[in-house]
Amino acid sequence: MVIQKFLDYIAIERKYSNRTVEAYRDDLNAFCAYLNLDPNAYDPKIVDESDIRGWLIELLDEGHSPRSIKRYLSSLRSFYKFMLRVGAIDKDITRKIIAPKEDKPLPVFFRESEMQQATAYESQADDFESKRNCLIIEMLYQTGMRQAEMLGLTDNDIDLTQGQIRIFGKRRKERIVPIGEALINQIKDYLAARQELGSVSNFFVRVKRNGEVVSMDKGTLYKIVRTRMREVSTLKKVSPHVLRHTFATTMLNNGADIRTIQTLMGHASLAATQVYTHTTFEQVRKAYNQAHPRAKKQKTEY
141 MVIQKFLDYI
151 AIERKYSNRT
161 VEAYRDDLNA
171 FCAYLNLDPN
181 AYDPKIVDES
191 DIRGWLIELL
201 DEGHSPRSIK
211 RYLSSLRSFY
221 KFMLRVGAID
231 KDITRKIIAP
241 KEDKPLPVFF
251 RESEMQQATA
261 YESQADDFES
271 KRNCLIIEML
281 YQTGMRQAEM
291 LGLTDNDIDL
301 TQGQIRIFGK
311 RRKERIVPIG
321 EALINQIKDY
331 LAARQELGSV
341 SNFFVRVKRN
351 GEVVSMDKGT
361 LYKIVRTRMR
371 EVSTLKKVSP
381 HVLRHTFATT
391 MLNNGADIRT
401 IQTLMGHASL
411 AATQVYTHTT
421 FEQVRKAYNQ
431 AHPRAKKQKT
441 EY
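Following our numbering, the residues of the sequence shown are numbered contiguously, the last one being 442.
Set out below in structure tokens:
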């Protein structure tokens, strides 16, 4: 009856919803079914770590996702913590069990044609806000900056003579990213338009509000990117970070080595950058399957 006591505990004392309690019941019943044990007569003394590992392996073999298996294990861990708390056991055998790692979703990115459409109206930008919005899209795309890095950028961080931008990333780690002549000219155009409005802040990206030019906030920057990119893309997720993913993917697709991309993006670990190789490899695989005659499915002749 220890399982029922646990379910009563989370229902009454922890005030979990009926749906959550039923989910715990189902998970624990599934474990008992694997062990051929009656849930009403569960004896933790006859269960060891190998039983739990064997159950997780069977779940994996049955096609359960790592996320689903992690939930099963979480239910079992909560149950064992309860038994340890009430003195039903003197050792929690779930503590050393490691759940399978979840597959990280591949980063989404804008296609090159979408980026061309998104920046096509730069030549038509004739007011401060239009010039600023165009520049934001271009800078995020051409430098791979994070949203917070863009907001923290100051005029002193931009060296138009050397053609480079100094970026302070996480934990104030500094990196230098080069920029091309077209972006340099676009920045000059923006600075000239901004100077006409006056200046009250050293932050590079600013917004005109109530007649003053002040620092931009996260919500405004996000809205600028979302509004423009939704006009040219069908992606469900549209954000400044997708432009960062697009920068990395574009660099890799055009021959940049992984270490260079790691440096430009300010990744502390190469593993964080390597996720983009999976994205581009899927593109390579698709192109191969479409173009190579030996990769195509052969028609059966009778």
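Built from N, CA and C at the ideal position, the CB exists for glycine as well.
What does residue i pair with, by DSSP beta-bridge criteria?
| i | result |
| --- | --- |
| Asp299 | Gln304 |
| Lys328 | Beta-bridge pairing links Lys328 to no other residue. |
| Lys348 | Val353 |
| Phe343 | Thr294 |
Enumerate in chain order the residues of its own chain whose CB-to-CB distance from residue i is below 8 angstroms, with the five nearest sequence positions on each side excluded.
| i | result |
| --- | --- |
| Glu278 | Thr259, Glu262, Leu323, Gln326 |
| Leu246 | Val415, His418, Thr419, Glu422 |
| Thr294 | Asn342, Phe343, Phe344 |
Under a Cβ-count criterion, where at least 16 other Cβ atoms within 10 Å of its own Cβ denotes burial, should residue i be classed as buried or exposed?
| i | result |
| --- | --- |
| Gln402 | buried |
| Ala332 | exposed |
| Thr160 | exposed |
| Gln282 | buried |
| Val226 | exposed |
| Glu441 | Bear in mind that the predicted position of Glu441 carries a pLDDT of just 47, short of 50, making it unreliable; the figure below should be weighed with that in mind. That one is exposed. |
| Met141 | exposed |
| Ala396 | exposed |
| Pro380 | buried |
| Ile152 | exposed |
Counting along the chain, where does the alpha helix (DSSP H) carrying residue i start and finish?
| i | result |
| --- | --- |
| Val226 | 206-226 |
| Leu246 | That residue, Leu246, is in no alpha helix (DSSP H); it is neither H nor E in DSSP. |
| Ala173 | 158-175 |
| Val142 | 142-148 |
| Gly194 | 189-201 |
Would you give the residue range spanned by the beta strand (DSSP E) that residue i belongs to?
| i | result |
| --- | --- |
| Glu314 | 314-318 |
Return the chain-ordered list of same chain residues with a C-beta closer than 6 angstroms to the C-beta of residue i, the five sequence neighbours on each side being excluded.
| i | result |
| --- | --- |
| Phe250 | Ser373, Thr386 |
| Asp183 | none |
| Gln257 | Val372 |
| Lys155 | none |
| Thr390 | none |
Spatial neighbours of residue i within its chain, please: CB distance less than 7 angstroms, with the 5 preceding and 5 following residues excluded, ordered by chain position.
| i | result |
| --- | --- |
| Asn329 | First, the amino acid is wrong: residue 329 is Asp here, not Asn. Closer than 7 angstroms at the Cβ level, and outside the excluded window around Asp329, lie Lys271. |
| Asp188 | Ile233 |
| Leu175 | Val187, Asp191 |
| Thr248 | Just to set this straight, residue 248 is Val in the shown sequence, not Thr. Leu375, Lys377, Val382, His385, listed in sequence order. |
For residue i and chain C, any beta-carbon pair shorter than 8 angstroms?
| i | result |
| --- | --- |
| Gly338 | Among the protein chains of the structure shown there is no chain C, as only one such chain exists. |
Quiz prompt | Unbroken stretches of the alpha helix (DSSP H), 4 residues or longer, contained in the region 254-291 | solution = 268-283
Quiz item: Which ranges would you report for the beta strand (DSSP E) in the region 350-432 if only whole runs of at least 3 residues count?
Solution: 352-355
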